[in-house]
Amino acid sequence: MQETASFQPQATGVLYLVPTPIGNLQDLSARAVQTLKDVDLIAAEDTRNTQKLLNHFEITTPKISFHEHNTQQRIPELLQKLQHGLSIAQVSDAGMPSISDPGKELVNACITAGIQVVPLPGPNAALTALIASGLAPQPFYFYGFLPRKATQMHQELAQLAQLSVTFILYESPYRVQKTIQSLIQAVGEERQVVLARELTKVHEAFLRGTLAQVQTYFQEHEPRGEYVILVAGKTPTAVAKHLDDAQLKQLVQTQVDAGIKPNAAIKKVAHEYQENRQDVYNIYHGLESD
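The numbers in the UniProt record's numbering rise by one with no breaks, and the one at position 109 of the sequence shown is 109.
Structure representation (structure tokens):
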């Protein structure tokens with residue numbers, strides 16, 4: 001294991017991960033503007049969309065397309081350029097690269113090849129919505145876009161329904177009503193939810209209430225814009241007093257999948273569901289209780 005320093009001289013070029021505005025162009029930081037000007041090449045999800053941003057800030061750096069449909073073709077090409085000393089900025093159409101956008105494959109390839117990866121902080125729809133939602137901001141679970149196939153979507157929602165933390169989804173205006181109906185089936189119509197749309201734009205708006213209230217609202221109002229859906233976590237009072245072993249194990253696994261360490265997840269589940277911590281530990285690890 002070796003620690004890699006971001007700002008020491010490198011024998012190769014550097015991959016910069018540059019977040020772009022999710023609406024308001026003024027949210028592009030001064031550092032991001034300078035980085036886009038200084039690099040040798042910009043790898044863009046959609047070069048036409050990125051060109052509008054570059055024109056606004058008078059950035060003339062060359063561009064190359066890098067999106068989900070040409071990832072395998074582009075990565076060797078970009079790695080070769082980086083290994084020859086060129087620096088590349090990777091951007092998505094809006095927000096942070098890799099967060100529901102292309103990026104992670106290139107990052108992993110660079111790490112494997114020993115090429116430095118430098119992230120810039122910047123706009124992100126999920127966090128922007130979360131801090132204004134009024135729901136518990138931490139811990140939280142970011143999911144993003146649900147699967148399109150109904151069976152897979154319902155399976156994922158069944159897992160999300162067990163979380164005791166706020167979870168965050170992305171959705172288009174064309175599918176948001178269907179997703180609200182699926183959420184009602186998974187978590188019940190009384191669960192608190194916040195929908196944020198058109199973040200940082202002139203039509204930015206927040207819709208707060210229960211899922212039943214949101215469903216009623218959409219019967220009278222047409223969905224507009226891209227949505228961030230934030231769903232309140234399940235409270236202990238909403239769960240049965242006794243859970244079987246399979247349910248307890250799944251609850252711990254859900255927490256672990258959300259990024260919590262196993263022992264912390266075991267402690268959390270035991271506390272929230274009034275179970276013996278050692279018993280939950282044994283169940284999760286498949287050990288026999290004394």
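For every residue, glycine included, the Cβ atom is placed at its ideal position computed from N, Cα and C.
- Residue 42 sits in a strand when the DSSP states are folded into three classes.
- Bounds of any beta strand (DSSP E) do not take in residue 234, whose DSSP letter is neither H nor E.
- At a Cβ-Cβ threshold of 8 Å, residue 157 and residue 182 count as neighbours.
- Per the Cβ contact rule, the stretch 130-145 is not in contact with the stretch 217-224 (fewer than 3 Cβ pairs under 8 Å).
- Sequence-distant Cβ neighbours of residue 83 in its own chain, meaning closer than 6 Å and more than five residues away, are 12.
- Three or more Cβ pairs closer than 8 Å define a contact, and the stretch 94-104 falls short of that threshold against the stretch 194-207.
- Ranked by how close their Cα comes to the Cα of residue 142, the residues 227, 127, 213, 150 have 127 in first place.
- Annotation note: the stretch 160-243 contains the following uninterrupted alpha helix (DSSP H) runs of length 4 or greater, listed N- to C-terminal: 176-187, 211-220.
- Closest by C-alpha distance to residue 77, out of 95, 96, 109, is 109.
- Counting C-beta pairs with one atom in each stretch, the stretch 54-73 and the stretch 146-163 have fewer than three that are closer than 8 Å, which means they do not touch.
- Secondary structure of residue 17 (DSSP, three-state): strand.
- When the alpha-carbon of residue 154 is set against those of 185, 169, 209, the nearest one is in 185.
- About 35 Å separates the beta carbon of residue 161 from that of residue 91, a gap too long to meet the 8 Å contact definition.
- Taking the Cα of residue 106 as reference, the smallest distance to any Cα among 87, 24, 15 is reached at 15.
- DSSP places residue 76 within a helical segment (H, G or I) once states are collapsed to three.
- Residue range 63-65 is occupied by the beta strand (DSSP E) that includes residue 63, with no alpha helix (DSSP H) assigned at that position.
- At a Cβ-Cβ threshold of 8 Å, residue 231 and residue 176 do not count as neighbours.
- Annotation for residue 284: the continuous alpha helix (DSSP H) segment containing it runs 277-285.
- Going by DSSP, residue 246 is part of the alpha helix (DSSP H) stretching over 245-257.
- Just so you know, the alpha carbons of residue 284 and residue 63 end up roughly 50 Å apart.
- Around the beta carbon of residue 21, 16 or more other beta carbons lie within 10 angstroms, which makes this residue buried.
- Secondary-structure assignment with DSSP links residue 88 through a beta bridge to 15, 41.
- According to the DSSP secondary-structure assignment, residue 141 is paired through a beta bridge with 167.
- The bridge partners DSSP lists for residue 147 come to none.
- In the three-state reduction of the DSSP assignment, residue 34 falls in the helix class.
- Under the DSSP definition of a beta bridge, residue 119 partners with 17.
- By the neighbour-count criterion, in which a residue is buried when 16 or more other Cβ atoms sit within 10 angstroms of its Cβ, residue 180 is buried.
- 81 is the residue among 81, 122, 94 whose C-alpha sits nearest the C-alpha of residue 113.
- Within the same chain, and ignoring the five residues on either side of residue 288 in sequence, the residues whose Cβ sits closer than 8 Å to its Cβ are 282.
- Ranked by Cα distance from residue 140, the options 120, 169, 119, 37 are led by 169.
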